[in-house]
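Just so we're aligned, residue 1 is where the sequence shown starts under the numbering used here, counting upward by one. The beta-carbon is built from N, C-alpha and C at its ideal position, and this holds for glycine as well. These notes concern the structure reproduced below.
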Amino acid sequence: MVARFFNDPTDRLDRFKKHKVEIDAFSGFRVYPSKGKLFVRGDSKVFRFSSSKNSSLFLQRKNPRKIAWTQVYRRMHKKGITEEVAKKRSRRTVKHQRGIVGADLATIAARRNQTAAIRNQQRISAIAKAKTEKKEKESKKAKPARAPVASGPRVSKQQMKGGKGGR
């Protein structure tokens, strides 16, 4: 038999060895070795509980997301998260300029660089041009006036087709 002393390095390793810490199936708390309850369901799924309160609530089929002190609830409602983790960096959107149908980038840039006076002058000339074109169209329409057609007795389409009208 080997005598062990308190300053034996192997003894120290045994004392500080980490034990497997389980997680409570309901609350999300830690369950240390030799503590808590173990529940095995009919389908052989194992549930560990840190206290009888947790096991009772689980067996009553309570939803841990609705019970304020559980870890699941806290995670869902963003409780106790440090500010650094909570802030997400948003990427800056890079602005691109693309041509529109019927106008390329050069045309758009030229329009943007125009002064208000030039733009106004172009608008007035465009309006005047449109008005003259409209007048020309109207004058062309007015010239070929139709000769009045000899009007006989008016007959509806149904009467023209014939049929059993006027029985």
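Around the C-beta of residue 94, fewer than 16 other C-beta atoms lie within 10 Å, and the residue is accordingly described as exposed. Contact check between the segment 49-56 and the segment 16-25: three or more CB pairs, one atom from each, fall below 8 Å, which counts as touching. Secondary structure note for residue 58: its alpha helix (DSSP H) is the uninterrupted segment 52-59. Excluding residues up to 5 positions away in sequence, 105 and 108 lie with their Cβ nearer than 8 Å to the Cβ of residue 97 in the same chain. Looking only at 115, 21 and 103, the smallest Cα-Cα distance to residue 31 is reached by 21.
Comparing alpha-carbon positions, the option among 45, 19, 41 and 43 lying closest to residue 35 turns out to be 19.
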